[in-house]
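Report on the following structure.
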Amino acid sequence: MNVEHPEITQIMQTGYPADMQKEPEGTDYFGNEYFAGEEIVITEDNEVIRLESLEDYLIEVKGIRFTKA
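In our numbering, the protein residues as written are -12 to 56.
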C-alpha cells in the first residue's frame, strides 16, 4: 500500500511540484532558453551558446568546417 502524498511522488520523480516550472536563466545566441544546471559556452565576446548548439554556432557564425581526415 502506497501512502505517499501525490505531490511528494511528483517531486521525487522530477524534482519539482507539478505546478512549478523552471525559470530560464537566459537565452543563447540563437534565442534558445537555457536553464540552471545546463552546460553553456561563453565566447570571449560574451556570447552564450548552449552546448547542444555549439556545432551550429561554429559552422554558421565562425565558418568552421567539420571533415574527416
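Using N, Cα and C, we set each Cβ at its ideal position, and we do this for glycine too. Quick caveat: nothing in here was measured; it's all calculated off a predicted structure.
Pick out whichever of the options has its Cα sitting closest to the Cα of residue i.
{"i": "glycine 24", "options": "Ile(-2), Gln(-3), Thr(-4) and Glu10", "result": "Glu10"}
{"i": "valine 35", "options": "Tyr21, His(-8) and Ala56", "result": "Tyr21"}
Under a three-way DSSP split, which group does residue i fall into?
{"i": "glutamate 25", "result": "coil"}
{"i": "threonine 14", "result": "strand"}
{"i": "glutamate -6", "result": "helix"}
When you compare only the Cα positions, how much space is there between residue i and residue j?
{"i": "glycine 18", "j": "valine -10", "result": "44 Å"}
{"i": "isoleucine 51", "j": "glutamine 0", "result": "41 Å"}
{"i": "aspartate 32", "j": "leucine 41", "result": "15 Å"}
{"i": "glutamate -6", "j": "threonine 54", "result": "50 Å"}
{"i": "tyrosine 16", "j": "isoleucine 29", "result": "10 Å"}
{"i": "isoleucine -2", "j": "histidine -8", "result": "10 Å"}
Please check the pair residue i and residue j, which I expect to be a contact at CB under 8 Å, by giving their CB distance rounded to whole angstroms.
{"i": "leucine 45", "j": "glutamate 26", "result": "So it is not a contact: roughly 16 Å between Cβ atoms."}
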